């Protein structure tokens, strides 16, 4: 299915970009991937997302859409095959609530845990544990493979980056987050998610991602060092 | 019938007793759900009067003409009700929209929910998917920038406050630019972004007084837009008096 003039501005390391890749691939939509250099942002990116100047940005028929959750909604409304959101308003509100939770609480906590040290890092790690506890409760309560039910949906795509990110955390970050004894349902979800063909075939390259994380970590530590 | 009327009137007393005896047991929560649902044909709003987020939901419900029960949570007293803790265990915050006993948390999510359930009256989101995306983007921008921005203006001093004011005005100007010469953000009709932003207007007087500046001088079109929104009954009856808000800010932020 063609997207007729559909561009995705993103990077291979951006886990938020991958949400959009997964949604487009799930719906079989053709698009052009435009790799951005975040240290040297293209005029197209700056023009398409002047407010935040970030990826991902979806450009459809020349019209740009920014913010990954907004883009996911747009994709689901424009290409109605293989829906990722339920039609039931309550289920939609549920998915949106947890998506916001992941993007705010979980993401913030991860930044702290990953880029800071000492007490701040400890707080970050604690917040991650709290957030994981909530997610564990939700997926365990569903008694299904995925947040979307038998097949992946909006919330799985949104939470997806966590599944991939865990692999680097212990290695690069030097702290333990995922404990399959404490979070058995979430652990199963992670394994099942990474096995879904569309996901498995569209994951950021391991080596490159590790390098990027290490790079960010150096920058973060340097920034902290510079402040002190 | 008699038993449901009795239940309705005795609810506050029984909740108090059961809460003390059983704390957070299943029986209390089930009881609460039943009483809540009966009280208002299924729609309850747990709210806190100065909350801009709560105002968004009040406006949306009023736009659609939906009767509901308003329940004030006194967040100032730090005594969160068992109902709030049950309905929003993750954030323990208001506003929470409760429909047929089921909670919807986060104000913009609740507004979208209201728009989807009562879709035949006064639609808040545009029908075109690109314009919907734009509406969602800008409402999200309001969430990211305006609350914290205004809060910083009220709670900081000196150089920090000057920086906060500059940043806050910049954000408002971006919104003003997006509004342009249109009567409302989406065009001719009052909608989602208007609902997301107009509650903050009730806080402008507090921001201006704390920061000693005039928002109207910087963003006249935005103020004109706010006043236009206030001509709508749904907005006028959902926003508190600006002096009350300022008093609240004085006691809690400075």
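Residue numbers (my numbering), protein chains in the order written: chain A, 5 to 232; chain B, -2 to 251. Built from N, CA and C at the ideal position, the CB exists for glycine as well. Values in this document were obtained by computation on a predicted structure and should not be read as measured data.
Is the CB-CB distance between residue i and residue j below 7 Å?
| i | j | result |
| --- | --- | --- |
| residue 242 of chain B | residue 199 of chain B | yes |
| residue 86 of chain A | residue 10 of chain A | no |
| residue 17 of chain A | residue 207 of chain A | no |
| residue 179 of chain A | residue 217 of chain A | no |
| residue 135 of chain B | residue 175 of chain B | yes |
| residue 189 of chain B | residue 132 of chain B | yes |
| residue 12 of chain A | residue 37 of chain A | yes |
| residue 89 of chain A | residue 158 of chain A | yes |
| residue 39 of chain A | residue 49 of chain A | no |
| residue 149 of chain A | residue 196 of chain A | yes |
| residue 42 of chain B | residue 82 of chain B | no |
| residue 267 of chain A | residue 109 of chain A | The structure shown does not extend to residue 267 of chain A, since chain A is modelled only from 5 to 232, so the question has no answer here. |
| residue 190 of chain A | residue 143 of chain A | yes |
| residue 170 of chain A | residue 160 of chain A | no |
Going by DSSP in three states, residue i sits in which element: helix, strand or coil?
| i | result |
| --- | --- |
| residue 232 of chain A | Unreliable placement is indicated for residue 232 of chain A, whose pLDDT of 42 sits below 50; the coordinate value is still reported in the next sentence. Here residue 232 of chain A sits in coil by DSSP. |
| residue 50 of chain A | helix |
| residue 126 of chain B | helix |
| residue 56 of chain A | coil |
| residue 268 of chain A | The structure shown does not extend to residue 268 of chain A, since chain A is modelled only from 5 to 232, so the question has no answer here. |
| residue 50 of chain B | helix |
| residue 5 of chain A | Residue placement at residue 5 of chain A is poorly supported in this model, since its pLDDT is 45, which falls under 50; the coordinates still yield a value, given next. The answer is coil: DSSP assigns residue 5 of chain A none of H, G, I, E or B. |
| residue 101 of chain A | helix |
| residue 184 of chain B | strand |
| residue 203 of chain A | helix |
| residue 166 of chain A | helix |
| residue 111 of chain B | helix |
| residue 69 of chain A | strand |
| residue 137 of chain B | helix |
| residue 157 of chain B | helix |
| residue 16 of chain A | coil |
| residue 84 of chain B | helix |
| residue 214 of chain A | helix |
| residue 173 of chain B | helix |
| residue 234 of chain B | coil |
| residue 147 of chain B | helix |
| residue 228 of chain B | coil |
| residue 105 of chain B | helix |
| residue 173 of chain A | helix |
| residue 42 of chain A | coil |
| residue 63 of chain B | coil |
| residue 185 of chain A | coil |
Using DSSP bridges, identify the partner residues of residue i.
| i | result |
| --- | --- |
| residue 44 of chain B | B:69 |
| residue 4 of chain A | Chain A is shown from 5 up to 232; residue 4 of chain A falls before or after that span and cannot be answered. |
| residue 100 of chain B | B:95 |
| residue 36 of chain A | A:11 |
Taking the alpha helix (DSSP H) that residue i belongs to, which residues open and close that run?
| i | result |
| --- | --- |
| residue 25 of chain A | 19 to 30 |
| residue 196 of chain A | 188 to 199 |
| residue 73 of chain A | 72 to 82 |
| residue 190 of chain B | 189 to 194 |
| residue 129 of chain A | 122 to 146 |
| residue 248 of chain B | 239 to 249 |
| residue 208 of chain A | Looking at the DSSP string, residue 208 of chain A is not in any alpha helix (DSSP H), and its letter there is neither H nor E. |
| residue 90 of chain A | Here residue 90 of chain A belongs to no alpha helix (DSSP H), and DSSP marks it neither H nor E. |
| residue 75 of chain B | No alpha helix (DSSP H) contains residue 75 of chain B, which DSSP labels as neither H nor E. |
| residue 213 of chain B | 212 to 215 |
| residue 115 of chain A | 111 to 119 |
| residue 201 of chain B | 198 to 208 |
Using a Cβ-Cβ cut-off of 7 Å (strictly less than) and excluding sequence neighbours within five positions of residue i, which residues of its own chain qualify?
| i | result |
| --- | --- |
| residue 196 of chain B | 49, 52, 53 and 236 |
| residue 223 of chain B | 195 and 198 |
| residue 231 of chain A | Because the pLDDT at residue 231 of chain A is just 47, under 50, the model does not fix this residue reliably, and the point stays unresolved. |
| residue 1 of chain A | No answer is possible for residue 1 of chain A: the residues shown for chain A start at 5 and end at 232. |
| residue 220 of chain B | 212 and 213 |
Excluding the 5 residues preceding and the 5 following residue i in the sequence, name in chain order all residues of the same chain whose CB lies nearer than 8 Å to its CB.
| i | result |
| --- | --- |
| residue 77 of chain B | 70 and 89 |
| residue 13 of chain B | none |
| residue 56 of chain A | 70 and 71 |
Ordered along the chain, which non-local residues of its own chain (more than five positions away) have a Cβ less than 6 Å from that of residue i?
| i | result |
| --- | --- |
| residue 254 of chain B | Because chain B in this structure spans residues -2 to 251, residue 254 of chain B falls outside the shown range and cannot be described. |
| residue 234 of chain B | none |
| residue 152 of chain B | 250 |
| residue 246 of chain B | 151 and 203 |
| residue 187 of chain A | 136 and 140 |
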